[in-house]
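Undergrad: Quick note on numbering: the sequence shown equals residues 15 to 327 in my numbering.
Here a beta-carbon is modelled for each residue, glycine too, at the ideal position from N, C-alpha and C.
Dumping the structure here so I can ask a few things about it.
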Amino acid sequence: MTITQLKYVLAVAEHQNFTKAAEKTFVTQPTLSMQIQKLEEELEILIFDRSKKPIELTSVGEKIVEQARNIVNESERMQDVVDQEKGFIGGTFKLGIIPTVMPTLLPMFLKNFADRYPKVQLKIEELNTDEIIVKISEGYLDAAIAATPLEQEKIKERPLYYEPFVGYIPETHRLAAKDKLEMDDLDIDDILLLEDGHCFRDGIINLCKASKNITNEKFQLESGSFETLVKLANEGLGMTLLPYLHTLDVDAAYRKNLKYFKDPSPAREVSLIYSKSELKMQIINALYDSISGIIRGAIAFQDVKIISPTKSK
Numbered sequence: 015m016t017i018t019q020l021k022y023v024l025a026v027a028e029h030q031n032f033t034k035a036a037e038k039t040f041v042t043q044p045t046l047s048m049q050i051q052k053l054e055e056e057l058e059i060l061i062f063d064r065s066k067k068p069i070e071l072t073s074v075g076e077k078i079v080e081q082a083r084n085i086v087n088e089s090e091r092m093q094d095v096v097d098q099e100k101g102f103i104g105g106t107f108k109l110g111i112i113p114t115v116m117p118t119l120l121p122m123f124l125k126n127f128a129d130r131y132p133k134v135q136l137k138i139e140e141l142n143t144d145e146i147i148v149k150i151s152e153g154y155l156d157a158a159i160a161a162t163p164l165e166q167e168k169i170k171e172r173p174l175y176y177e178p179f180v181g182y183i184p185e186t187h188r189l190a191a192k193d194k195l196e197m198d199d200l201d202i203d204d205i206l207l208l209e210d211g212h213c214f215r216d217g218i219i220n221l222c223k224a225s226k227n228i229t230n231e232k233f234q235l236e237s238g239s240f241e242t243l244v245k246l247a248n249e250g251l252g253m254t255l256l257p258y259l260h261t262l263d264v265d266a267a268y269r270k271n272l273k274y275f276k277d278p279s280p281a282r283e284v285s286l287i288y289s290k291s292e293l294k295m296q297i298i299n300a301l302y303d304s305i306s307g308i309i310r311g312a313i314a315f316q317d318v319k320i321i322s323p324t325k326s327k
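What follows is the structure, encoded as structure tokens:
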């Protein structure tokens, strides 16, 4: 068997489709299929159940994929050793970023990083936290930027910054007269939330649980973007909470609606996360240094209370 065959197996396992896997590995579909078939013949088993749509792993195929992932990772570690010895920072690097961080953080560091490390080919994907955990664990991402702590056994977390929650409260709201918010002011029933699947939403729920102002988890209005939540708040449909960096883009006419919390401000921890196998550490370190160096100028808050993004509170 060959490393190339194992990479083809991993690609099909990820995409559950031979044609798409061939496109992602830059070979023709017949070539990929032939190599996987050769491997199956050598092992005298079937890795994939081709009768299913989408294609599924057989029970033994699941074990083969797990082992293939370990072998491919270890083979790539040899190149890492060589790259680090040479001081080389380059190659393809797959980075996931959660949706509530992507639009504010990415423009801040991407050009700077690309200019400093022109030999690194960043492949960036917007994913929710659950997808990121799976893709890092299965080797489909080299690293990700997400709200932490996640407390995943196989994932390392390196905090980049602590981002306070900021209230967006229109003039007609019951809290409009307050200079500074307190956690006990929050009532989950009039907070406009992001739709399910966003860790920032889970952080707000946990924040309200901590202040005991929560009755149930059925909300009248939910949206996929902070911009929509702000517009709904302006229509008198409630208040919302924003991550600090998103407040920098609020229209000047509405900045008066921003309300900060008394110290310690509730905040989320945003970290660079990656597998404990520590592949491509030279790029991970370069990415960490670039982002943390830039973000220090934008986030100056120190006295904060970290709110967990996980639901198990």
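DSSP has M253 in a bridge; who is on the other side?
TA: Taking the first residue of the sequence shown as 1, we reach residue 253 at position 239. BP columns for M253 point to I205.
Undergrad: Is the region 240-252 touching the region 147-163 in the sense that three or more CB pairs, one from each, lie closer than 8 Å?
TA: These segments do not touch.
Undergrad: Is it a yes or a no for the region 125-138 touching the region 289-305, going by three-plus beta-carbon pairs under 8 Å?
TA: Yes, they touch.
Undergrad: Among T324, T16 and K319, which one has its Cα closest to the Cα of E177?
TA: Position 163 of the sequence shown holds residue 177. Nearest option by C-alpha distance: K319.
Undergrad: Quickly, what does DSSP pair Y182 with across the bridge? List them, please.
TA: What you label residue 182 is simply residue 168 of the sequence shown in a count that begins at 1. According to DSSP, Y182 bridges with T254 and L272.
Undergrad: Using 8 Å as the threshold, is the region 112-126 in touch with the region 54-63, meaning 3 or more CB pairs across them?
TA: These segments do not touch.
Undergrad: Put L20 into one of helix, strand or coil per three-state DSSP.
TA: Translated into the one-based positions of the sequence shown, residue 20 becomes position 6. In this structure, L20 counts as helix in the three-state DSSP scheme.
Undergrad: Ordered along the chain, which non-local residues of its own chain (more than five positions away) have a Cβ less than 8 Å from that of L235?
TA: By 1-based counting over the sequence shown, the position of residue 235 is 221. Confidence in L235 is poor, its pLDDT being 47 and thus under 50, which makes the residue's placement too unreliable to answer from.
Undergrad: For Q135, which residues of its own chain have a beta-carbon under 6 Å away from its beta-carbon, when the five flanking residues on both sides are left out?
TA: In the sequence shown, the residue the question calls residue 135 occupies position 121. Cβ within range, chain order: T106.
Undergrad: Measure the CB-CB distance between K290 and K100 and report whether it falls below 8 Å.
TA: Along the sequence shown, read from residue 1 onward, the residue named residue 290 stands at position 276. Along the sequence shown, read from residue 1 onward, the residue named residue 100 stands at position 86. Not in contact: K290 and K100 (Cβ atoms no closer than 8 Å).
Undergrad: Exposed or buried, K270, counting other C-beta atoms within 10 Å across all chains shown (16 or more means buried)?
TA: Along the sequence shown, read from residue 1 onward, the residue named residue 270 stands at position 256. Exposed.
Undergrad: Return the bridge partner residues of D199 from the DSSP annotation.
TA: Within the sequence shown, the letter at position 185 stands for residue 199. According to DSSP, D199 bridges with nothing at all.
Undergrad: Is DSSP giving E90 helix, strand or coil here?
TA: Reading the sequence shown from its first residue, position 76 is the one you call residue 90. In this structure, E90 counts as helix in the three-state DSSP scheme.
Undergrad: Which whole-angstrom value is the C-beta distance of I159 and V284, which I expect to be below 8 Å?
TA: Numbered from its first residue, the sequence shown carries residue 159 at position 145. Numbered from its first residue, the sequence shown carries residue 284 at position 270. That belief holds up - the Cβ atoms of I159 and V284 are roughly 7 Å apart, short of 8 Å.
Undergrad: For L272 versus L286, is the C-beta distance shorter than 8 Å?
TA: As a position in the sequence shown, residue 272 is number 258, starting the count at 1. As a position in the sequence shown, residue 286 is number 272, starting the count at 1. Result no, Cβ atoms of L272 and L286 do not sit closer than 8 Å.
Undergrad: Keeping to the same chain, check which residues put their C-beta closer than 6 Å to that of I3; ignore five residues upstream and five downstream.
TA: Outside the shown range of the chain (15 to 327) lies residue 3, about which nothing can therefore be said.
Undergrad: Specify the secondary structure class of S279 as computed by DSSP and reduced to three states.
TA: Looking up residue 279 in the sequence shown gives position 265. The answer is strand: DSSP assigns S279 an E or B state.
Undergrad: Using the Cα positions of N87 and E70, report the straight-line distance between them to the nearest angstrom.
TA: The residue given as residue 87 occupies position 73 in the sequence shown. The residue given as residue 70 occupies position 56 in the sequence shown. If you take the alpha carbons of N87 and E70, they lie about 23 Å apart.
Undergrad: What's the C-alpha gap between L189 and M116?
TA: As a working note, residue 189 is residue 175 in the sequence shown. As a working note, residue 116 is residue 102 in the sequence shown. Straight-line Cα distance between these residues: approximately 30 Å.
Undergrad: Here's the rule I'm using: 16 or more other beta-carbon atoms within 10 Å means buried, otherwise exposed. How should Q49 be labelled?
TA: Residue 49 sits at position 35 when you count from the first residue of the sequence shown. Under this definition Q49 is a buried residue.
Undergrad: With 16 other CB atoms within 10 Å as the buried threshold, where does I183 fall?
TA: Locating residue 183 in the sequence shown gives position 169, counting from the first residue. Buried is the call here.
Undergrad: Helix, strand or coil for L235? Go by DSSP, reduced to three states.
TA: Here residue 235 corresponds to residue number 221 of the sequence shown, with the count starting at 1. Here L235 scores only 47 on pLDDT, less than 50, and its place in the model should not be relied on; the value that follows carries that caveat. L235: coil per DSSP, three-state reduction.
Undergrad: Assign T42 to buried or exposed, taking buried as 16 or more other Cβ atoms, counted over all protein chains shown, within 10 Å of its Cβ.
TA: What you label residue 42 is simply residue 28 of the sequence shown in a count that begins at 1. Classification for T42: exposed.
Undergrad: Going straight from the alpha carbon of L195 to that of A281, what length do you get?
TA: One-based indexing of the sequence shown puts residue 195 at position 181. One-based indexing of the sequence shown puts residue 281 at position 267. For L195 and A281, the distance between alpha carbons rounds to 13 Å.
Undergrad: Note down, one range per segment and in chain order, each alpha helix (DSSP H) of at least 4 residues found wholly within the region 72-152.
TA: Entirely contained in the region 72-152, the alpha helix (DSSP H) runs reaching 4 residues are, in chain order, 73-100, 116-130 and 143-151.
Undergrad: Looking at T254: is its Cβ nearer than 8 Å to the Cβ of L243?
TA: The residue labelled residue 254 in the question sits at position 240 within the sequence shown. The residue labelled residue 243 in the question sits at position 229 within the sequence shown. Taking 8 Å as the Cβ cut-off, T254 and L243 qualify as a contacting pair.
Undergrad: Between the alpha carbons of T114 and F240, how many angstroms are there, rounded?
TA: Looking up residue 114 in the sequence shown gives position 100. Looking up residue 240 in the sequence shown gives position 226. Distance between the alpha carbons of T114 and F240: 8 Å.
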